[in-house]
Amino acid sequence: MVYTKNRSFEWDPRKNITNKQKHGIAFEEALTAFDDPDAVIRDDSMHSTKEIRFALIGMSDFGVLFIVFTIRSANGLHRIISARSASRKERRIYEEINKRN
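The opening position of the sequence shown corresponds to residue 198 in the numbering used here, with each subsequent residue numbered one higher.
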C-alpha cells in the first residue's frame, strides 16, 4: 500500500510487472498523475460489470498518462488497474478540457 496526499493506493504486484513490460509505465510512476490538479477523471464502468472503474488522464513526471483505477469503498483505497502513455486522442481531450478552464 502506498500513501500520497491523503490518498491510499494499492495494486497487484504481478499486474504492475506486466504493465511495465507492456506499456513501459510502472504503477509507482503513475502515482504522480494523481497529483495533477488539471487531471481529467471520467467513469469507465463500461469496461467492467464487477466494479465501478474510472479513467484518469493526467500529467505525470513522465508525460500525460491514461490510468484506469477503481476505488474500494470499504477502505477508500485507489486500486490501479492499468497505466500507459495517453494516446494522441486522449492528450487532445486533456488539452481541450484544460484550455477551457
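No residue lacks a Cβ here, since even glycine has one placed at the ideal position from N, Cα and C.
Every value quoted in this text rests on a predicted model; they were computed, and no experiment measured them.
* Which residues in the same chain as A227 place their Cβ atom closer than 8 Å to its Cβ, once the five residues preceding and following it in sequence are excluded? -> S257, L262, I264, I277 and A280
* Can the beta-carbon of A236 be found less than 8 Å from the beta-carbon of G255? -> yes
* **Chain-order list of residues whose beta-carbon lies under 8 Å from that of E287 (same chain, five-residue window excluded)** => I254, V261 and F263
* May I have the straight-line CA-CA distance separating G221 from L274, to the nearest angstrom? => 24 Å
* **I222 (DSSP reduced to helix, strand or coil)** => coil
* How is the alpha helix (DSSP H) around I294 delimited, first residue to last? -> R285 to R297
* Apply the 10 Å Cβ neighbour rule to N272 and answer buried if 16 or more other Cβ atoms are within range, or exposed otherwise. => exposed
* Asked: Cα separation between E293 and S270?
  -> 31 Å
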